[in-house]
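Peer 1: The structure's right below; bear with me while I get my questions together.
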Amino acid sequence: MYKSGSAFLRRFMKPSTIYKYLFNWSPMYSRSTAKLIEVSEDLHYVKIRMKLNWKNRNYAGSIFGGSMLSATDPIYMVQLIQILGDDYVVWDKSVEARYKKPAKSTIFGEFVFTKDEIKTIKQDVSKANEIDIIKTMSLIDEKQNIIATFKKTLYIADKTFYKEKLKTRKSK
């Protein structure tokens, strides 16, 4: 996200700051009505906030489930792309959404990768060339009530392997 066309920015700002502001300014994300409010320097932790407003309010007066889903959708994938670097390909593969309570106030979500998870991902990809991982996160309200839970499946592959896989697919 912050790599392409941003050498100037990288000279003056930390990657986490660039990541946060570019994400929030991006039309793809800003339309979800959520905001990244915290990003760790190593990009292993991201926190989002979504306020109930006229843009995301549904017929019943709570935050529209589609807004919640779109607010959570790109985070893990973009996090991993940035953390793993150019030798890997990362794609969202699927999501399972469970809406538990109506969101009638501001909600928050946290996206976390531990250093051990990243190490395991790299080791598993080096052995198998491609893997799927599942990450689960919840959106919670200010009273710590779980509003929705999202179970994301992410595809991660060695970039060289992935390119060869695409060539093979095209030649058939």
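Taking my numbering, the leading residue of the sequence shown gets 50, the next gets one more, and so forth.
The beta-carbon is built from N, C-alpha and C at its ideal position, and this holds for glycine as well.
In this text, all values refer to a predicted model and were calculated from it rather than measured experimentally.
In whole angstroms, give me the CA-to-CA distance for S175 and D91.
Peer 2: Cα to Cα, S175 sits roughly 22 Å from D91.
Peer 1: Could you tell me which uninterrupted alpha helix (DSSP H) segments, each at least 4 residues in length, are contained entirely in the region 64-121, listed from first to last along the chain?
Peer 2: You should have 64-74, 76-79 and 114-121.
Peer 1: Would you give the residue range spanned by the beta strand (DSSP E) that T209 belongs to?
Peer 2: Here T209 belongs to no beta strand (DSSP E); instead the alpha helix (DSSP H) covers K208 to S220.
Peer 1: By the three-class DSSP mapping on this structure, what secondary structure does D165 have?
Peer 2: Looking at D165 - three-state DSSP - the assignment turns out to be helix.
Peer 1: Please classify T185 as buried or exposed, where buried requires at least 16 neighbouring CB atoms within 10 angstroms.
Peer 2: With fewer than 16 other Cβ atoms within 10 Å, it is exposed.
Peer 1: So who's on the other strand from D136, going by DSSP bridges?
Peer 2: For D136, which the question treats as bridged, DSSP gives no partner whatsoever.
Peer 1: Can you list, in chain order, the residues of its chain whose CB lies under 6 Å from that of K69, leaving out five sequence neighbours each side?
Peer 2: The answer, listed in chain order, is L85 and V88.
Peer 1: On a CA-only basis, which of M77, V95, Y78 and S79 is nearest P64? Give me that one, please.
Peer 2: For P64, the nearest C-alpha among the options comes from V95.
Peer 1: Note down, in chain order, each residue of its chain lying with its Cβ closer than 7 Å to the Cβ of S81, except the 5 sequence neighbours on either side.
Peer 2: Only S116, S119 and A120 meet the Cβ criterion.
Peer 1: According to DSSP, which residues form a beta bridge with Y204?
Peer 2: In the DSSP output, where bridge partners are listed per residue, Y204 has W140 and D181.
Peer 1: Starting from the Cα of D190, find the closest Cα among N107, I124, P151 and S75 and give me that residue.
Peer 2: Ranking N107, I124, P151 and S75 by Cα distance to D190 puts P151 first.
Peer 1: Here's the rule I'm using: 16 or more other beta-carbon atoms within 10 Å means buried, otherwise exposed. How should N105 be labelled?
Peer 2: The residue is buried, with at least 16 neighbouring Cβ atoms inside 10 Å.
Peer 1: Bridge partners of A152, per DSSP?
Peer 2: Answer is none; A152 lacks a bridge partner.
Peer 1: Could you tell me the distance, in whole angstroms, from the CA atom of I130 to the CA atom of I182?
Peer 2: Approximately 14 Å, taken between the alpha carbons.
Peer 1: Express the C-alpha separation of I205 and S79 in angstroms, rounding to a whole number.
Peer 2: Cα to Cα, the separation comes out at about 26 Å.
Peer 1: DSSP three-state label for M126, please.
Peer 2: Helix.
Peer 1: Alpha carbon to alpha carbon, what distance is there between T217 and Q128?
Peer 2: Q128 and T217: Cα-Cα distance of roughly 29 Å.
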